[in-house]
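If you want the numbering used here, it's the position in the sequence shown, counting the first as 1, plus 917. Yeah, the Cβ is synthetic: ideal placement off N, Cα and C, and Gly gets one too.
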Amino acid sequence: MASDYVPKFAHLSIERRILCIGPFDGVLRFSQGACVATLLTKLLEINHPLVSPANHPPLKFSITISAFIFKSLKY
């Protein structure tokens, strides 16, 4: 199940734009976007292959409002 999250994230254009026009110190997201922000924060922290080509440093903060909890323990 954990692998289900990453491919869906890979196709979200806003996160790709964030990585290309950054660097940014952090993110603020609401609801489903908050879940994506959590995943983005983690992927940057571990320098996951999906984000490593962007050469973006880990985020300093991630503010999430009304996010749901991923079922995967991996993220």
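Q: Give the secondary structure of K959 by DSSP, where H, G and I count as helix, E and B as strand, and everything else as coil.
A: helix
Q: Whole angstroms is fine: what's the gap from S969's alpha carbon to F978's?
A: 19 angstroms
Q) So is L945 buried or exposed if we call it buried at 16+ other beta carbons inside 10 Å? A) exposed
Q: Could you name the residues of the same chain whose beta carbon sits closer than 8 angstroms to that of P974, not counting the 5 residues immediately before and after it, in chain order?
A: P940, L961
Q: With DSSP collapsed to three states, give me the class of L976.
A: coil
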